[in-house]
Amino acid sequence: MDLFEIASREERARQAPLAARMRPESLDELVGQEDLVGPGRPLRLALEGGRLGSMIFYGPPGTGKTTLAHLIARHGRAHFEQVNAVTSGVADLRRVIEAAAERWRFHGQRTVVFIDEIHRFNKAQQDALLPSVEDGTIILVGATTENPFFQVNSALLSRCRLFRLEPLEPAHIDQVIERALQSEKGLAGRFTLEDRARERLLRAAGGDARRALNSLETAAWVAEAAGRTQIELADVEAALQAPPLRYDREGDQHYDVFSAFIKSMRGSDPDAALHYLARMLEAGEDPRAIARRIVIHASEDVGNADPQALVVAVAAAQAVEVVGLPEAALNLAQAVLYIATAPKSNATYRALAAARQDVKEHGALPVPPHLRDAHYPGAKRLGHGEGYLYPHDYPGHYVPQEYLPSALAGRRYYEPSDQGYERELARRLEAWRQQRPEQGARRLR
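If you use our numbering, the sequence shown closes out at 679, no skipped numbers anywhere.
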């Protein structure tokens, strides 16, 4: 390498974005992810011992996936080769693998192949990696923001260790920011950061160190253009852009956020339910999918504890069709708040599940003769309808008689809770059941 090339590389390093310049060069400089690389943790012990193996890092942006890949190569004294899953094909992979094989054969040096966004590789591309991962020709380090169990084929997953990285805590982001302010690789002490500006950066980062550093660098440019060495809140606000919401319509985020949304309504937390509703709406989730879930929840987790919940939910679903977004967001929010604050009962869900289980176990049992249709000619000759008691002919419009098939006589599926309107239903049912004492003990558990 000649002097011109060395000088050119050093100049490119100086001109690199702040986040790239501040990339940790050792495990001790890495911030966060203590469960993976803290003292005595398995990944740290493996790296320090030079025991390299293929692995996949899964986690949100800016949490250290690329940094860990570089550190793995450095600790193992391995050649580092980066492949972008968006722009590379099978032919590119084969060239990298052939070069790795030659490097190992002639120089005894391993090759770490880092594939960013590995979830974007199709099945053929992922399959092309299998032989070289299997025989150790390359040490594969994949990085993905998507759940690998959805996006990476099982054959490749089985040959790699999977590590999940978590969003960085505000304290970690603060440490990253302070280091960037002071380090010679960073802003070299040329700027100070106003407290309110620091707090805003921490909030906006969302656990993403790269976003924090990019925003800090832009804010420093804004302050410098104004002739100041202190980065103020206004500088940070000018630097920040609306953070892109991590959300996928078919993977982890879709299912996780929907799950949290449902559980927040079920758990009677209107604030959390609104938060997840807002996240889905901002991320472009189909409002009809949200409305369907609200309608289901109205019966599944509220039921007859408040029968009005289903009315409100269905009205919101209709509003989505008639009004559309953005205005229908208010209708969805009203339904979410109503259901989240309604008394809860899953008695309807349990009753239906129990009835269906009996149908599966017993099949199509004969309908009792007195309940069968007696309107067609000849029905009476078959005994259909004989002995049926018409409830409206009796006091209180109720008369004890058996409606279930004889094999299930006395079976109870619906047991109202003590919540909301179901208290009244429980009282009413008990009064009726008292008139059928011979069936009182046949509850389904």
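Backbone N, C-alpha and C define an ideal beta-carbon position, used for all residues, glycine too. Remember, predicted model here, so these are calculated numbers, not experimental data.
Cutting at 7 Å between CB atoms, please list the residues of its own chain near residue i, excluding the five before and the five after it.
i    : result
L421 : A414, L415, A454
Y510 : V491, A494, F495, S498
S640 : P602
G674 : Low confidence applies here, because G674 scores a pLDDT of 40, under 50, leaving its location unreliable; read the following figure in that light. R667.
P600 : P639
Residues in the same chain with beta-carbon distance under 8 Å from residue i, minus the five sequence neighbours each way, listed in chain order, please.
i    : result
R434 : L467, V470, E471, L474
L281 : L261, V271, L305, I306, H309, G310
W338 : R344, T345, T371
L264 : P258, V271, G298, T301, L302, L305
L391 : I290, P382, F383
R278 : L261, L270, V271, G272
Keeping to the same chain, check which residues put their C-beta closer than 6 Å to that of residue i; ignore five residues upstream and five downstream.
i    : result
G654 : A539, D540, P577
A551 : A525, V529
D442 : P295, G296
P625 : H631, Y632, V633
R430 : L467
L559 : P521
Q682 : Because the chain in this structure spans residues 235 to 679, residue 682 falls outside the shown range and cannot be described.
Q385 : H353
Tell whether a beta-carbon distance below 7 Å holds between residue i and residue j.
i    : j    : result
N318 : D350 : yes
Q464 : E418 : no
V375 : A303 : yes
A660 : P650 : yes
N565 : D535 : no
Q267 : L396 : no
A253 : R437 : no
I373 : L286 : yes
V367 : R393 : yes
P629 : L571 : no
N387 : Q360 : yes
A377 : V324 : no
Going straight from the alpha carbon of residue i to that of residue j, what length do you get?
i    : j    : result
Y583 : A506 : 24 Å
D369 : V548 : 58 Å
G274 : T300 : 22 Å
E239 : A563 : Caution applies to E239, whose pLDDT of 46 falls short of 50 and renders its modelled position unreliable; the value that the coordinates give is listed next. Taking the straight line from one Cα to the other gives about 58 Å.
I290 : V347 : 11 Å
P251 : N448 : 7 Å
L327 : Y292 : 21 Å
S288 : A574 : 46 Å
A532 : V546 : 9 Å
P404 : Y489 : 26 Å
G283 : F314 : 18 Å
P365 : G342 : 19 Å
A335 : L402 : 37 Å
L544 : G537 : 8 Å
Q669 : L663 : 10 Å
Mapping DSSP to helix, strand and coil, what is residue i?
i    : result
D369 : coil
G376 : strand
N448 : helix
E315 : strand
D442 : coil
V633 : coil
D350 : strand
M499 : helix
R308 : helix
R462 : coil
L508 : helix
R275 : coil
Using a threshold of 6 Å, is the CB atom of residue i nearer than that to any non-hydrogen atom of the ligand FMN?
i    : result
G501 : Judged by which ligands are present, the structure shown has none, so any question about the ligand FMN falls away.
>> Below 8 Å, how does it come out for the segment 636–656 and the segment 509–523: are there three or more Cβ pairs, yes or no?
In response: no
>> Taking contact to mean 3 or more Cβ pairs, one atom from each stretch, closer than 8 Å, check whether the segment 352–370 and the segment 401–414 are in contact.
In response: no
> Can at least three beta-carbon pairs, one atom from the segment 579–599 and one from the segment 641–648, be found at a separation below 8 Å?
Replying inline: yes
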